[in-house]
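Okay, so here's the structure we're looking at.
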Amino acid sequence: MKTKFLLPIIALGLFAACNDDSSSPAAPADQNQPVVVDPAQQTDPATDPAQTPTDPATDPATTDPAVTDPTVTDPTVTDPTQTDPSTDPVVTPDPVTPPAGSGCSAIARTNLTVPAVPNEVSATGKYNYYGAELSGKDQFKYGRFEACMKMVSIPGSVSSMFLYYDDSYRNGSYVWNEIDIEVLGKGGTSWQSNIITREGDESIKKNTSSEAIHEYGFDATEGFHLYAIIWTPDYVAWEIDSVEVRRDSIGITRGTHADADQVAFLTEDQSLRFNLWASKSSGWVGKFTGDELANGPQVQWIDYVRVYSYDEATKGFTQLWQDDFDGDDFDREHWGAGNWEMEKVSLSTENVVVEGGYCKMLMTREPE
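Numbering that gives the first Met the number 0 puts the sequence shown at residues 0 to 367.
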């Protein structure tokens, strides 16, 4: 049984990560809930994280044209929503530090049952492979996005949480906006953060990408951890277990295209998504063989998702809703399931399973 509880929400760039009590999926936030002040608006040096191995998805020339990998894009559009810090009121929150061992990683879980799926052996040794995507229907312009998850890492896999402008894949005159957290198939002890942009110019064939690899200090496939993306007009930040591990501030530039300042170029509303798939790029994630599926599916577990709005005037976050995945299906007001090709796999709607208080995204195989 998993026990859920809710702590007061106070953002200091460090959020206490914990399960909520028995609130229903997509329960609206209390209207009297105090606005949480974002301390990250204090002056902070902008540091460009070290560049790490390039995701081949950033180059359409090396990507299967049938694949829409929401992990890669670049234009110089000034964000009109940005405010002048010199004119904003300075609000100093009370400091809050999550206690050691707190949050979703500290909750005892005894009901991690892998869904029963057919697992036939192919007489020819050939299989079709299937992944999963939980696709958000809500559109957001800034906010804080948290998920308590147990990730997957087998050779060739990508286990992710990301924000994505839904028309990015159209290319041409459409811009690309995306912010990623990805656990890659080369091992569960590290993960990749990324911003992907591309300006809406048909002559621009490559996305601007800023991958960085971060070491956990633990294996993310062996337990649950709290992952968070924070997106504001002034910065994008990534957190693991309420610890900020990377921040890109407005003004950091990469390349010479209009989207060189990636944070400023994140101008489109984005949806929150999660997926589990396999890449063709062995250099990026290892070589996918599917052998790890011989004994059953691989599972990316999502315990809960929390979504917060961002107030540009107060620099604070307020919880909008939380989904605990109670019941026997995902909340179709907030979510859909992917059904398209992702390089080595086809995304199957049947591979998004809600049961036992979890959303389970499966990677499976079937004989050809």
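All C-beta atoms in this analysis are idealised placements derived from N, C-alpha and C, irrespective of residue type, glycine included. Bear in mind that the values here come from a model prediction, so they are computed numbers and not experimental data.
(message) Can you look up GLY282 in the DSSP assignment and give me helix, strand or coil?
(response) For the purposes of this step, residue 282 is taken as the residue at position 283 of the sequence shown. Reduced to three states, the DSSP call for GLY282 is helix.
(request) Give the single residue among SER202, TRP230 and TRP237 whose Cα lies nearest to the Cα of TYR215. (result) Within the sequence shown, numbered from 1, the residue matching residue 215 stands at position 216. It is TRP237 whose Cα lies nearest to the Cα of TYR215.
(message) Check for me: the beta strand (DSSP E) holding GLN138 runs from which residue to which?
(response) Counting from one through the sequence shown, the residue named residue 138 turns up at place 139. Counting along the chain, GLN138 falls outside any beta strand (DSSP E), and DSSP gives it neither H nor E.
(request) Look at the Cβ atom of TYR168, then the Cβ atom of TYR309, and state whether they are nearer than 8 Å. (result) Walking along the sequence shown from the start, residue 168 turns up at place 169. Walking along the sequence shown from the start, residue 309 turns up at place 310. Their beta carbons are not under 8 Å apart, which means TYR168 does not touch TYR309 by this criterion.
(request) Determine the direct distance from the alpha carbon of LEU271 to that of GLU221, and round the result to whole angstroms. (result) Here the question's residue 221 lines up with position 222 in the sequence shown. Here the question's residue 271 lines up with position 272 in the sequence shown. Computed Cα separation, rounded: 24 Å.
(message) Quick check on the burial criterion: 16 or more other C-beta atoms within 10 angstroms. Buried or exposed for ARG246?
(response) The sequence position of residue 246 within the sequence shown is 247, counting from 1. Buried, because 16 or more other Cβ atoms sit within 10 Å of the Cβ of ARG246.
(request) Rank GLU119, SER158 and ASN110 by C-alpha distance to the C-alpha of ALA131 and give the top, closest one. (result) Here residue 131 corresponds to residue number 132 of the sequence shown, with the count starting at 1. Minimum Cα distance to ALA131 is reached at SER158.
(message) Along the chain, where does the alpha helix (DSSP H) containing ALA263 start, and where does it finish?
(response) Position 264 of the sequence shown, counting from 1, holds the residue named residue 263. Per DSSP, ALA263 belongs to the alpha helix (DSSP H) from 261-264.
(request) Can you give me the Cβ contacts of GLY171 inside the same chain, cut-off strictly under 8 Å, excluding the 5 residues immediately before and after it? (result) Mapped onto the sequence shown, residue 171 falls at position 172. Answer for GLY171: GLY199 and GLU201, listed in chain order.
(request) Verify whether the separation of the beta carbon atoms of PHE287 and GLY155 is less than 8 Å. (result) The residue you call residue 287 lines up with position 288 of the sequence shown. The residue you call residue 155 lines up with position 156 of the sequence shown. Yes, Cβ-Cβ distance for PHE287 and GLY155 is below 8 Å.
(request) Kindly confirm or deny that the region 296-311 and the region 279-286 touch, where touching means at least three C-beta pairs closer than 8 Å. (result) no
(request) Quick one: using the 10 Å Cβ neighbour count with 16 as the cut-off for buried, is TRP230 buried or exposed? (result) In the sequence shown, the residue the question calls residue 230 occupies position 231. Flag for TRP230 reads buried.
(message) Which same chain residues end up closer than 6 Å to ILE249 when comparing Cβ atoms and leaving out the 5 residues on each side of it in sequence?
(response) The sequence position of residue 249 within the sequence shown is 250, counting from 1. Answer for ILE249: ASP233, VAL262 and ALA263, listed in chain order.
(request) Report the partner residues of PHE144 according to the DSSP bridge assignment. (result) Within the sequence shown, the letter at position 145 stands for residue 144. Beta-bridge pairing links PHE144 to ILE228 and VAL306.
(request) Answer with buried or exposed for THR348, where buried requires no fewer than 16 other C-beta atoms within 10 angstroms of its C-beta. (result) Counting from 1 along the sequence shown, the entry for residue 348 is found at position 349. The residue is exposed, with fewer than 16 neighbouring Cβ atoms inside 10 Å.
(request) Give the secondary structure of TYR129 by DSSP, where H, G and I count as helix, E and B as strand, and everything else as coil. (result) The residue you call residue 129 lines up with position 130 of the sequence shown. The answer is strand: DSSP assigns TYR129 an E or B state.
(request) Might you give, ordered along the chain, the residues of its own chain that have their beta carbon closer than 8 Å to the beta carbon of ASP63, omitting 5 neighbours on each side? (result) On the sequence shown, position 64 is the one that residue 63 refers to. The pLDDT assigned to ASP63 is 42, lower than 50, so where the model puts this residue is not dependable; a value taken from the coordinates is nonetheless given after this. Correct list, in chain order: LYS279, GLU340 and GLU342.
(message) With DSSP as the reference, identify every bridge partner of ARG364, one or two as the case may be.
(response) Here residue 364 is taken as the residue at index 365 of the sequence shown, counted from 1. DSSP lists TYR128 as partners of ARG364.
(message) Need the endpoints of the beta strand (DSSP E) that ASN274 sits in, please.
(response) Translated into positions along the sequence shown, residue 274 becomes position 275. Here the beta strand (DSSP E) through ASN274 covers 270-277.
(request) Could you tell me which residues DSSP puts in a beta bridge with ALA107? (result) Here the question's residue 107 lines up with position 108 in the sequence shown. Looking at the DSSP assignment, ALA107 forms no beta bridge with any residue, so it has no partner.
(message) Considering only DSSP beta bridges, list what LEU243 is partnered with.
(response) The residue you call residue 243 lines up with position 244 of the sequence shown. It is Glu, not Leu, that sits at residue 243 in the sequence shown. GLU238.
(request) May I ask you to report which of helix, strand or coil DSSP gives ASN338? (result) To locate residue 338, count along the sequence shown from 1; it is residue 339. The answer is coil: DSSP assigns ASN338 none of H, G, I, E or B.
(request) Compute the beta-carbon to beta-carbon distance between VAL353 and LEU361, rounded to the nearest angstrom, for a pair I have assumed lies under 8 Å. (result) Numbered from 1 along the sequence shown, position 354 holds the residue referred to as residue 353. Numbered from 1 along the sequence shown, position 362 holds the residue referred to as residue 361. That belief does not hold up - the Cβ atoms of VAL353 and LEU361 are roughly 12 Å apart, past 8 Å.
(message) Do PRO296 and TYR126 have their beta-carbon atoms positioned less than 8 Å apart in this structure?
(response) As a position in the sequence shown, residue 126 is number 127, starting the count at 1. As a position in the sequence shown, residue 296 is number 297, starting the count at 1. No. Outside cutoff.
(request) Would you identify the three-state DSSP class for ASN350, choosing helix, strand or coil? (result) If you number the sequence shown from 1, residue 350 lands on position 351. Helix.
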